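Quick notes on the structure that follows.
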Amino acid sequence: MPELPEVEVVRRGLARWVTGARVVDVEVLHPRPVRRHEPGAADFAARLSGRTVTDVVRRGKFLWLALDSGEALMAHLGMSGQLVLQPRDAADERHLRVRLGLELPDGSDGPSRSDRSGERQERELRFVDQRMFGGLWVSPLVPTPDGLPAGAGGLGDVAAPGGGTPSEPLVPPAVVHIARDVLDPAFDVVGFAARLRTRRTGLKRALLDQTLVSGIGNIYADEALWRSRLHYARRTRTLPRSATLGLLGHVRDVMVAALGEGGTSFDSLYVDVNGSSGYFDRSLAVYGQEGRPCPRCGALVRRDAFMNRSSFTCPRCQPTPRTAHW
DNA sequence: ATTACCGCCTGCTGGC
DNA sequence: TGCCAGCAGGCGGTAA
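Oh and the first sequence: position 132 is 131 in numbering that gives the first Met the number 0, straight run, nothing missing.
Written out as structure tokens, the structure reads:
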């Protein structure tokens, strides 16, 4: 499933290749992925046709293409979504849901192709999604409540200080309640620590709460907790501030490491959600490793049912707290 | 207001 | 061989 680093890799690819592109046609092949566009598929297509992409922005796992109309094409990859840039004559993918015909800006011939110059190159931006948890919709943009840039935008490496171009202080309403993520320069570590202490819940529930910090899914939650030697049911209220800061550092480290792998694995926008991209081949200490030895101490990794999902822990490094908060 | 849980989706896997 | 339960899980909606 696409996690934050994969979404950021997609964002960078889009920023590079489709900034300045103009939408020439739109085809919705399945209604479900545009369900969040309430006026319907025809209106969705009409609002995109003829528009030019001015920026590509991400907050958490929400991604959007800012348009010269002042609106934005929103995208969420959900569990199995992909955004791929293809030649117009490429065969349809099995789970192709939406197709946007694009005219690339002058001087760009798109990824992995260098054919004749002099005329604008056409490509298709395709939304492919097997399970359709994700989707596309067109949305207005509203000012960010804090007046700061919306998230990761422009070209460059947001994880590197000074890298990237600040995005405009505009967000889609659907994203206003989504917290910034740990790769966002405007992420407020101190504010997060303070809010965590007011919560009456367990640590992993808090990490997965997108209104506290965004972009953390099941995999990164488990990996960061393992690195921090913390159990998922540890009460947030009892966590010392230093441990909170350490945990956030581990979240950032594991994401930046994945970003480094993912960012060098693709020369197109294709991200293989089934894991053969090299991204998921990265070593996971505990996630999905039930019954295998903990890389740190050798105890066998345990799998617990948690929130209708799974949590993987090392029973020795991450003992169950005596006062657990499930 | 805060917290917890359900259901949406499809394809693959394993047990019988 | 076929059938079906279980599983993957982010997020919006809703109940308590």
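Positions of the beta carbon are idealized from the N, C-alpha and C atoms, including for glycine. Just so you know, these numbers come straight off a predicted model, no measurement behind them.
Tell me the rounded alpha-carbon separation between residue i and residue j.
i: A41; j: S282; result: 44 Å
i: E167; j: R308; result: 37 Å
i: R194; j: V300; result: 31 Å
i: F125; j: L101; result: It should be pointed out that residue 125 corresponds to Arg in this sequence rather than to Phe. Going from the Cα of R125 to the Cα of L101 covers about 10 Å.
i: E26; j: V255; result: 35 Å
i: L211; j: H29; result: 33 Å
i: D67; j: R119; result: 19 Å
i: L84; j: G19; result: 15 Å
i: L82; j: V9; result: 7 Å
i: S79; j: A192; result: 32 Å
i: V56; j: A44; result: 21 Å
i: D128; j: V141; result: 28 Å
i: E236; j: L13; result: One point to set straight first is that residue 236 is Arg, not Glu, in the sequence displayed. Cα to Cα, the separation comes out at about 40 Å.
i: L169; j: W136; result: 16 Å
i: R251; j: P165; result: 20 Å
i: G150; j: G248; result: 19 Å
i: D180; j: R199; result: 21 Å
i: P294; j: D208; result: 28 Å
i: R98; j: S48; result: 12 Å
i: T312; j: G214; result: 20 Å
i: G39; j: V33; result: 7 Å
i: T53; j: A74; result: 15 Å
i: L62; j: L224; result: 26 Å
i: P184; j: D145; result: 13 Å
i: S276; j: E70; result: Annotation note: pLDDT 44 at S276 (below 50); position unreliable, no value reported.
i: V350; j: Q317; result: Absent from the structure is residue 350, since the part of the chain shown begins at 0 and ends at 325.
i: E260; j: T322; result: 38 Å
i: P172; j: T143; result: 9 Å
i: I177; j: R315; result: 34 Å
i: R15; j: G152; result: 11 Å
i: D280; j: R96; result: Only weak support is given to the placement of D280: the predicted model assigns it a pLDDT of 47, under 50, and the value that follows is read from those uncertain coordinates. Straight-line Cα distance between these residues: approximately 27 Å.
Buried or exposed: which applies to residue i, given that a residue is buried once 16 or more other Cβ atoms fall within 10 Å of its Cβ?
i: G133; result: buried
i: S241; result: exposed
i: W325; result: exposed
i: A304; result: exposed
i: E2; result: buried
i: R130; result: exposed
i: L154; result: exposed
i: M306; result: exposed
i: S105; result: The sequence as given places Asp at residue 105; Ser does not occur at that position. The residue is exposed, with fewer than 16 neighbouring Cβ atoms inside 10 Å.
i: V189; result: exposed
i: V6; result: buried
i: T330; result: An answer regarding residue 330 cannot be provided, because it is not within the stretch 0 to 325 covered by the chain.
i: D221; result: buried
i: P4; result: buried
i: G290; result: exposed
i: P160; result: Here P160 scores only 46 on pLDDT, less than 50, and its place in the model should not be relied on; the value that follows carries that caveat. It is exposed - the Cβ of P160 has fewer than 16 other Cβ atoms within 10 Å.
i: G327; result: A query on residue 327 cannot be resolved here, the shown segment of the chain reaching from 0 to 325 and no further.
i: P86; result: exposed
i: E37; result: exposed
i: V174; result: buried
Taking DSSP's pairing of strands, which residues face residue i in a bridge?
i: Q81; result: V127
i: F61; result: R58 and H75
i: S309; result: A304
i: P142; result: L169
i: D24; result: G100
i: E70; result: P139
i: P292; result: L299
i: G152; result: V56
i: E121; result: E102
i: T51; result: R21
i: R234; result: G201
i: L95; result: V127
i: P4; result: In the DSSP output, where bridge partners are listed per residue, P4 has none listed.
i: P86; result: R122
State yes or no: is the C-beta of residue i nearer than 7 Å to some heavy atom of the ligand GTP?
i: R10; result: Ligands are entirely absent from the displayed structure, and the ligand GTP is therefore not among its contents.
Given 8 Å, three or more beta-carbon pairs between the segment 78-96 and the segment 192-208: no
Contained alpha helix (DSSP H) runs [length at least 4] in the segment 160-228, N- to C-terminal order: 188-197, 202-207 and 217-227
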